[in-house]
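Visitor: Numbering (the numbering used here), first residue to last: 17 to 314.
#1: Suppose only complete runs of 4+ residues qualify. What are the alpha helix (DSSP H) ranges in the region 157-236, listed by chain order?
#2: Cα separation between residue 187 and residue 105?
#3: Is there a Cβ from chain C that is less than 8 angstroms from the Cβ of residue 64?
#4: From the DSSP output, in three-state form, read off residue 60 for me.
#5: Consult DSSP for residue 112 and reduce its assignment to one of helix, strand or coil.
#6: Just grab the DSSP bridge partners of residue 292 for me.
#7: Cα separation between residue 225 and residue 236?
#8: Where residue 210 and residue 149 are concerned, what is the direct C-alpha to C-alpha distance, given to the nearest angstrom?
#9: Roughly how many whole angstroms lie between the Cα atoms of residue 176 and residue 189?
#10: Is the region 230-244 touching the region 126-139, taking contact as three or more C-beta pairs under 8 angstroms?
#11: Give the DSSP bridge partners of residue 144, in chain order.
#12: Between 276, 182, 44 and 270, which lies nearest to residue 212 when the distance is taken from Cα to Cα?
#13: If you compare alpha carbons, which of 92, 90 and 195 is closest to residue 258?
#14: CA-CA distance, residue 81 and residue 25?
#15: Tell me, please, which residues DSSP counts as bridged to residue 36.
#16: How big is the Cα-Cα spacing for residue 155 and residue 289?
#17: In terms of residues, what are the limits of the beta strand (DSSP E) holding residue 55?
#18: Mind reading off the beta-carbon distance from residue 75 to residue 65? Whole number of angstroms is fine, and I expect it under 8 angstroms.
#19: Check for me: the alpha helix (DSSP H) holding residue 268 runs from which residue to which?
#20: In three-state DSSP terms, what is residue 307?
#21: Buried or exposed: residue 261, going by 16 or more other Cβ atoms within 10 Å of its Cβ?
#22: Express the C-alpha separation of residue 271 and residue 37 in angstroms, rounding to a whole number.
#23: Measure the Cβ-Cβ separation of residue 110 and residue 193 and say whether it is below 8 angstroms.
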């Protein structure tokens, strides 16, 4: 009986990037040999991300490695496929903090190269490299790894969308980082109630954002420093959002608020990310910390 119970438990690893936390699991451990499309990963995400009855996380990160077959059939060496599920069971295209967490897992537990690994998401491939960390960092008490990710090009809509919320006028810069963002400058990043109300409304079948949107409130605190709060589609207000930081920096450069020749520091409630725009692409650098690992029932 004990062996049967043990066989129903699968390994997981929990990481966070600036407090944006994730459970990382291998898809093969869930599927029992079944095709991936036959597994309700969204329902499993709701269960596993529950902070009272599960692991507790903002999202679930599922991985296919080259040897796994199925969705991994076309993966190159030193690459993996990542599927993201929010804690409400929805499936976003991309997650910047999540991809850094997966990069650390692959280097730390799967033997991937630290300098040229690639992670493929619904938004396409993302190249990652370790800036600081590995065995030396893991031996330290803080155990913080710094990872840089090529987040691809930022697509900025030519016109803003003007909306009103609670009697306040908003001019939203629309940015696509593989997932949709709406950036509002000159806003009080500490106005949590307004952020949550407006974010919820924009994600409730709003005609301007039919698939929902990630909302950022931003204030400029220095020539290359921005402070932001984020309402994530499918999650709510979070301590950090990697694609959100990229969208904010790209919008700030586009609107002349920041100089593209220098990195932009985006301060989020959980900490800061360094965003660099070069060669038409957005590069994100930030920390990843391991929280704990274990085994959990399927």
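Just so you know, even glycine gets a beta-carbon here, dropped at the ideal spot from N, CA and C.
Guide: In short, the structure shows the following:
#1: Restricting attention to alpha helix (DSSP H) runs no shorter than 4 residues, the region 157-236 encloses them at 208-218, ordered along the chain.
#2: Rounded to the nearest angstrom, the two C-alpha atoms are 30 angstroms apart.
#3: Chain labels in this structure do not include chain C; a single protein chain is all it has.
#4: It is helical.
#5: In the structure shown, residue 112 falls within a helical segment according to DSSP collapsed to helix, strand and coil.
#6: Residue pairing of residue 292 in beta bridges, as defined by DSSP: 299.
#7: Per the coordinates, the alpha-carbon of residue 225 lies some 26 angstroms from the alpha-carbon of residue 236.
#8: The straight-line gap from Cα to Cα measures roughly 38 angstroms.
#9: Roughly 5 angstroms between the two C-alpha positions.
#10: The region 230-244 makes no contact with the region 126-139: fewer than 3 CB pairs, one atom from each, lie closer than 8 angstroms.
#11: BP columns for residue 144 point to 133 and 165.
#12: For residue 212, the nearest C-alpha among the options comes from 182.
#13: It is 195.
#14: Straight-line Cα distance between these residues: approximately 20 angstroms.
#15: DSSP output for residue 36 lists 33 as bridge partner(s).
#16: No answer about residue 155 holds up, because its pLDDT of 46 lies below 50 and its placement is not dependable.
#17: Membership of residue 55 in any beta strand (DSSP E) is not indicated, and neither H nor E is assigned to it by DSSP.
#18: The beta-carbon distance between residue 75 and residue 65, rounded to whole angstroms, is 7 angstroms. This is short enough to meet the 8 angstroms contact definition.
#19: 258-270 is the span of the alpha helix (DSSP H), which, as asked, contains residue 268.
#20: Looking at residue 307 - three-state DSSP - the assignment turns out to be strand.
#21: Residue 261 is buried by the Cβ-count criterion.
#22: The alpha-carbon atoms of residue 37 and residue 271 are separated by roughly 31 angstroms.
#23: It is a contact, given that the beta carbons lie within the stated cut-off.
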